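Numbering follows our numbering, in which position 236 of the sequence shown is assigned residue number 237; successive positions increment by one, without gaps.
C-beta: ideal position from N, C-alpha, C; glycine also.
None of these values were measured; they are calculated from a predicted model.
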Amino acid sequence: MPFRRRTPTVETPMHEKSDIGLIGLAVMGQNLVLNIESRGYRVSVYNRTASTTGAFVARHAGKRLHAAASLPALVDSLAAPRKVLLMVQAGAAVDAVIEALIPLLSPGDIVIDCGNSLYTDTERRDTWLTSKGLRFVGAGVSGGEEGARKGPSIMPGGPPSSWDALRPVFESIAARVDGEPCVTHIGPGGAGHFVKMVHNGIEYGDMQLICEAYHLFSAAGLSTAECAQVFTRWNDGPLQSYLIQITGLALEQVDAETGRPVVDLILDKAGQKGTGRWTLINAAENAVVVSTINAAVEARVLSSRKALRVVASERLGGPPGAIDVPTEQLVAKVHEALYASKVVSYAQGLDLMRTMSEKKDWGLDLGAIASIWRGGCIIRARFLNRITEAYRDDPGLGNLMLAPFFRDLLNRAQQPWREVVALAVTAGIPVPAFSASLAYYDSLRSARLPANLLQAQRDFFGAHTYERVDRPGGQTFHTQWPEVDG
2 MPFRRRTPTV ETPMHEKSDI GLIGLAVMGQ NLVLNIESRG YRVSVYNRTA STTGAFVARH
62 AGKRLHAAAS LPALVDSLAA PRKVLLMVQA GAAVDAVIEA LIPLLSPGDI VIDCGNSLYT
122 DTERRDTWLT SKGLRFVGAG VSGGEEGARK GPSIMPGGPP SSWDALRPVF ESIAARVDGE
182 PCVTHIGPGG AGHFVKMVHN GIEYGDMQLI CEAYHLFSAA GLSTAECAQV FTRWNDGPLQ
242 SYLIQITGLA LEQVDAETGR PVVDLILDKA GQKGTGRWTL INAAENAVVV STINAAVEAR
302 VLSSRKALRV VASERLGGPP GAIDVPTEQL VAKVHEALYA SKVVSYAQGL DLMRTMSEKK
362 DWGLDLGAIA SIWRGGCIIR ARFLNRITEA YRDDPGLGNL MLAPFFRDLL NRAQQPWREV
422 VALAVTAGIP VPAFSASLAY YDSLRSARLP ANLLQAQRDF FGAHTYERVD RPGGQTFHTQ
482 WPEVDG
């Protein structure tokens with residue numbers, strides 16, 4: 002949709018040029034502006050709805066903010082080289098803003114898309130702006146509204162010269178862990194938005210695994226309050242993470258009107274914005290297995306078919322979905338199953354990043370990426386320190402699961418992990434992400450899989466050929482299979 006000027010607003014007086022500009026004053030944009038301003042920068046702001054711009058600046062009188070009534074006024078208010086952040090909805094809106102900005106900018110100016118754009122769109126825009134003598138950065142920003150205000154994890158791509166110009170701002174506003182800012186230059190072109198996409202895919206997996214643990218506890222008769230206590234306790238141990246923390250808090254929340262837990266009143270239909278699906282599509286295109294993330298995406302899709310599930314629940318038979326296991330035993334086993342499955346989800350996401358890095362010659366530093374995910378972002382977790390260490394010890398690590406710490410963890414956890422999956426299957430409780438993670442683990446550790454039969458089938462009906470175990474690799478063979486009647 003093209004940007005049109007709406008109700009006029011009075012611009013705040015300009016006494017000096019602003020350090021940076023931001024377009025798009027929804028909640029994330031507002032919080033990011035306040036974060037940047039709090040670090041000593043002067044910020045010019047513009048929103049398509051002019052009254053929003055004026056009201057926002059008026060609410061924060063005394064801060065180093067400038068309300069621009071138009072895009073030309075915004076650009077004119079910025080010090081060179083101009084830096085313009087976009088916090089608008091991914092897709093056509095980003096292209097519309099860029100198209101409006103191009104004639105207003107000068108060579109060397111930088112446009113930074115901080116939304117959840119598809120990385121291929123970012124690559125296209127990078128080529129587009131480079132041809133105009135401008136610089137473009139796709140910067141993934143994770144942390145939600147709170148992160149934007151207090152310190153997100155930032156994943157900027159684009160040319161190194163842009164990183165040099167933006168580094169002081171980004172390092173000042175990013176979250177910090179052990180004194181280190183949760184931001185680094187990810188790589189050229191669309192690398193930043195690609196890494197943010199995979200981050201969101203891993204986030205899908207994390208959330209589904211937590212939900213499956215909650216489902217198992219509920220099936221064992223734990224109340225919502227008792228489930229909250231389990232997750233709160235887990236947040237003090239190896240599973241410490243933002244998602245575990247907010248799970249405990251969400252389960253504790255009581256509805257003021259009914260006195261019931263809020264979670265018990267929420268309809269079980271999950272939403273999604275598309276980044277999980279993008280991860281699946283990219284993984285399929287690059288022949289990388291992300292089965293845990295796939296299970297999580299499919300679980301959301303199936304949850305949305307509530308009416309069909311209600312009908313099916315009345316017509317399809319199965320176990321009653323109840324578990325009879327002592328609570329502390331169950332909690333201990335599910336803890337290990339969740340931890341092991343979480344490792345698999347991260348291993349799959351990191352494998353996808355490694356594959357794309359090699360394909361695109363991005364030079365992704367997986368240890369550095371894990372390091373900036375330790376704070377600010379939605380998947381921040383204690384064990385990311387271990388991932389950072391694994392890749393710093395072995396930058397060429399083929400799969401996270403083979404690093405000594407994670408190898409030992411998986412070996413230790415596999416028995417309770419198997420018991421949890423078997424218990425759920427026997428009870429008729431769906432645990433797609435737990436199951437997919439365990440299947441990936443078993444497939445990866447299998448020196449021989451039944452793919453030999455699969456290749457025989459392919460050669461039978463399509464003469465696709467196969468290799469032999471008793472011949473040198475790379476040689477292909479075909480068998481004259483018997484004809485099939487009919």
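Query	Result
Helix, strand or coil: how does DSSP classify F218 here?	helix
Within 8 Å, do at least three Cβ pairs link the stretch 198-207 to the stretch 379-388?	yes
Once you ignore the five residues that flank T53 on each side, which residues in its own chain have a CB closer than 8 Å to its CB?	L26
Do L365 and G158 have their beta-carbon atoms positioned less than 8 Å apart in this structure?	no
Out of curiosity, what's the CA-to-CA distance linking P73 and L105?	6 Å
Can you tell me which of the three DSSP states V85 falls into?	strand
Report the partner residues of F435 according to the DSSP bridge assignment.	Paired residue(s): none; F435 is not in a bridge.
Is it true that the CB of S107 sits closer than 8 Å to the CB of R136?	no
Grouping DSSP H, G and I as helix and E and B as strand, with all else coil, what is G353?	In the sequence on display, residue 353 carries Leu and not Gly. Reduced to three states, the DSSP call for L353 is helix.
Consult DSSP for V290 and reduce its assignment to one of helix, strand or coil.	coil
From the DSSP output, read off the bridge partner residues of A382.	S242
For G318, does the count of other Cβ atoms within 10 angstroms reach 16, so buried, or fall short, so exposed?	exposed
Check V44 in the structure and name its three-state DSSP category.	strand
Would you say the stretch 33-48 touches the stretch 63-82, given that touching needs at least three Cβ pairs under 8 Å?	yes
How about T276 and I294: are their beta carbons less than 8 Å apart?	no
How far does the beta strand (DSSP E) with G397 in it extend, from its first residue to its last?	Premise fails: G397 is in no beta strand (DSSP E) and is neither H nor E.
With C-beta atoms as the reference, is G22 less than 8 Å away from L79?	yes
Is the beta carbon of H194 closer than 8 Å to that of G141?	yes
Near R83, which residues of its chain fall below 8 Å by C-beta distance, leaving aside the five closest residues on each side in sequence?	G22, V76, L106, S107, D110 and I111
Where does D486 sit, in a helix, a strand or coil, going by DSSP?	coil
Let me know the secondary structure DSSP gives A166 once reduced to three states.	helix
Beta-carbon separation of A197 and N287 under 8 Å?	The sequence shown places Lys at residue 197, not Ala. No; because the gap between Cβ atoms is not below 8 Å, this pair is not in contact.
Using the rule of at least 16 other Cβ atoms within 10 Å of the residue's Cβ for burial, across every protein chain shown, is V485 buried or exposed?	exposed
Do three or more CB pairs link the stretch 226-243 to the stretch 329-349 at distances below 8 Å?	yes
Among residues of its own chain, excluding the 5 on either side of G252, which ones have a beta-carbon nearer than 8 Å to its beta-carbon?	The identity of residue 252 in the sequence shown is Leu, whereas the question assumes Gly. Hits under 8 Å: Y215, T225, A226, C228, A229, F232, P262 and V264.
Alpha carbon to alpha carbon, how far is N236 from S242? Give it in angstroms, no decimals.	6 Å
Checking the sheet assignment: what are the DSSP bridge partners for P262?	V255
Would you kindly work out how many angstroms separate the C-alpha atoms of G260 and L250, rounded to a whole number?	16 Å
Is the beta carbon of L33 less than 8 Å from the beta carbon of A149?	yes
Once DSSP output is grouped into helix, strand and coil, what is the label at G190?	coil
Under the rule that 16 or more other beta-carbon atoms within 10 Å means buried, what is H200, buried or exposed?	buried
With the cut-off set at 8 Å, would you say G202 and G139 are in Cβ contact?	no
Could you pull out every residue in the same chain whose Cβ sits closer than 6 Å to the Cβ of R126, ignoring the five residues on either side in sequence?	F137
Please report the distance separating the alpha-carbon of A464 from that of P473.	20 Å
Cα separation between A70 and A51?	6 Å
At which residues does the beta strand (DSSP E) containing D96 begin and terminate?	Careful: D96 lies outside any beta strand (DSSP E), inside the alpha helix (DSSP H) at A93 to L102.
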